[in-house]
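S.K.: Residue numbers (UniProt numbering): 1 to 427.
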């Protein structure tokens, strides 16, 4: 690594060895079904039809020009503002000058981290969260320090215990803290913060002069869940009148992308909604060359399509069907799982014999041999009592989900029958 800068050598040494197999190896889809990444395949055919029509009827020479718009192409900014006003119930209407485009939600997170923090400063991240994503995206470019805030119990994530936990995390931080990042709807729990949760978080940030970053990439990925005692509808941070609660609205920033809700991860179209002109300008300086005209064409075509509302509803109904199918598999096989009402995944205890992180890693390798890619609970800073849980993405095509469930059933039964010897055979 002598040819690399110190920061590049540190990144390569820290992260390359921990990348998921689906990124580092050539995956033959006929052999593996990837239920690890939070992809959404349920509405891809409908989205692809709109994209193909846009290429056939709208693609022109001007799309080979330099992208128009420093903060984003004006017509796409208008389409995004309309989406937020229609589906996020903002307290004040979102206007074009509140939105800046990025290359996916990862680009949004990177832009906000760069804009709000200097190298060596910290960001509080309430656990559980996807360590592989946040700890990379927050640190790899900016050099800031993600600070996991461990909850005593999962009920504290959405309950009264969250604020005292954050206060303790802030007090124990060894670096200056500039912001808090949360996922709403939650990744990996698939639940929503209540309006009061969000108000309390805003007040916490105001007391300590922190920015609040709300990652809302699953905002439209709702599905039915019959066995939740108190299912919650999604409430966006945009829906809160921050000023009425004594909070600075210019320090509240929302991330959204087309990746999850509209099944277009590969398009790499994300955005930040912010009331801060300085933050918007700073992100644009970083991101204004990162979103291609072809991506802009795709996004504009989908977001302005007369079919958009029907596609969003179709997404919800297909997620409901897929969730019901995977839930039935868990219940038929007495597999513990955490019910959820949002997102494209669910946590299930597919490795009940796991007693430590190495056991979970061995179980992941075991399921990989059976043709299923999964992430373990240890990848999300879950509390110790949830050892053996895995995040299972269910938003795949029905026929592939059926195959995946068949493979999971065979592998799980083998795991239960053979016990720890299964794990030993994968080491």
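In this text, a Cβ means the ideal position worked out from N, Cα and C, and glycines have one as well.
For residue 511, list the residues DSSP reports as bridge partners.
M.R.: Any property of residue 511 remains undetermined from this structure, which presents the chain solely from 1 to 427.
S.K.: In chain order, what residues of the same chain lie with their CB nearer than 6 Å to the CB of residue 511, ignoring the 5 residues before and after it?
M.R.: For the chain, the structure presents residues 1 to 427; residue 511 sits outside this window and is missing.
S.K.: Around the C-beta of residue 359, are 16 or more other C-beta atoms found within 10 angstroms, so that it is buried, or is it exposed?
M.R.: buried
S.K.: Decide if the segment 289-309 is in contact with the segment 117-128; the criterion is three or more beta carbon pairs, one per stretch, under 8 Å apart.
M.R.: no
S.K.: Looking only at its own chain, which residues have a Cβ that is under 6 Å from the Cβ of residue 75, when we skip the five neighbours before and after it?
M.R.: Once the five neighbours on either side are set aside, the close Cβ partners of residue 75 are 300.
S.K.: Mapping the DSSP letters down to three states, classify residue 179 as helix, strand or coil.
M.R.: strand
S.K.: State buried or exposed for residue 427, treating a residue as buried only when at least 16 other CB atoms are found within 10 Å of its CB.
M.R.: Model confidence at residue 427 stands at a pLDDT of 47, short of 50, so the residue's coordinates are unreliable and nothing is read from them.
S.K.: Excluding five sequence neighbours on each side, which residues of the same chain lie with their C-beta closer than 7 Å to the C-beta of residue 371?
M.R.: Result list for residue 371: 31, 32, 33 and 407, in chain order.
S.K.: Taking the C-alpha atoms as reference points, what is the distance between residue 7 and residue 114?
M.R.: 15 Å
S.K.: What do you get for residue 327, buried or exposed, if any count of 16 or more other CB atoms within 10 angstroms of its CB means buried?
M.R.: buried
S.K.: What first and last residue would you give for the alpha helix (DSSP H) that runs through residue 234?
M.R.: Neither: residue 234 is in no alpha helix (DSSP H) and is coded neither H nor E.
S.K.: I need the DSSP call for residue 208, collapsed to helix, strand or coil.
M.R.: coil
S.K.: Assign residue 139 to buried or exposed, taking buried as 16 or more other Cβ atoms, counted over all protein chains shown, within 10 Å of its Cβ.
M.R.: buried
S.K.: Below 8 Å, can you find three or more Cβ-Cβ pairs linking the segment 229-244 to the segment 328-336?
M.R.: no
S.K.: Output the distance between the C-alpha atoms of residue 249 and residue 280, rounded to the nearest integer angstrom.
M.R.: Separation of residue 249 and residue 280 (C-alpha to C-alpha, rounded to the nearest whole angstrom) is 14 Å.
S.K.: In the DSSP assignment, the beta strand (DSSP E) including residue 348 goes from what residue to what residue?
M.R.: Element bounds for residue 348: 345-348.
S.K.: Is residue 298 buried or exposed, if buried means 16 or more other CB atoms sit within 10 Å of its CB?
M.R.: buried
S.K.: By DSSP, does residue 193 sit in helix, in strand, or in coil?
M.R.: coil
S.K.: Do the segment 203-210 and the segment 165-184 touch if we need at least three Cβ pairs shorter than 8 Å?
M.R.: yes
S.K.: Which residues bound the alpha helix (DSSP H) around residue 391?
M.R.: Looking at the DSSP string, residue 391 is not in any alpha helix (DSSP H); the run it does join, the beta strand (DSSP E), is 390-393.
S.K.: Compare the beta carbon distance of residue 254 and residue 238 with 8 Å and say whether it is the shorter of the two.
M.R.: yes
S.K.: Could you pull the start and end residues of the beta strand (DSSP E) that residue 111 belongs to?
M.R.: Taken as a continuous stretch (DSSP letters only), residue 111 belongs to no beta strand (DSSP E), being part of the alpha helix (DSSP H) at 104-116.
S.K.: Alpha carbon to alpha carbon, what distance is there between residue 345 and residue 60?
M.R.: 38 Å
S.K.: For residue 375, write down the residues that DSSP places opposite it in a beta bridge.
M.R.: According to DSSP, residue 375 bridges with 391.
S.K.: Are the segment 38-57 and the segment 389-397 touching, with three or more C-beta to C-beta distances below 8 Å?
M.R.: yes
S.K.: Beta carbon of residue 351, beta carbon of residue 390: below 8 Å?
M.R.: Yes.
S.K.: Can you name, in chain order, every residue of its own chain whose Cβ lies under 7 Å from the Cβ of residue 136, other than the five neighbours on each side?
M.R.: The residues 15, in chain order, have a CB closer than 7 Å to that of residue 136 in the same chain once the five nearest residues on each side in sequence are set aside.
S.K.: Along the chain, where does the alpha helix (DSSP H) containing residue 145 start, and where does it finish?
M.R.: First-last for residue 145: 145-149, but that is the beta strand (DSSP E), not the alpha helix (DSSP H).
S.K.: With distances taken from CA atoms, which of 156, 220, 202 and 163 is nearest residue 341?
M.R.: 220
S.K.: Please name the residue in 276, 190 and 366 whose C-alpha comes closest to that of residue 412.
M.R.: 366
S.K.: Take residue 373 as the anchor and find which of 101, 218 and 405 has the nearest alpha-carbon.
M.R.: 405
S.K.: Would you please state the rounded distance, in angstroms, between the beta carbons of residue 240 and residue 91? I believe it to be under 8 Å.
M.R.: 6 Å
S.K.: With 16 as the cutoff for other CB atoms within 10 Å, does residue 65 come out buried or exposed?
M.R.: exposed
S.K.: Could you check the C-alpha separation between residue 98 and residue 71 for me, to the nearest Å?
M.R.: 10 Å
S.K.: Out of 175, 67 and 385, which has the shortest C-alpha to C-alpha gap to residue 143?
M.R.: 175
S.K.: Shortest alpha-carbon distance to residue 187 belongs to which of 343, 402, 349 and 2?
M.R.: Closest by alpha carbon: 343.
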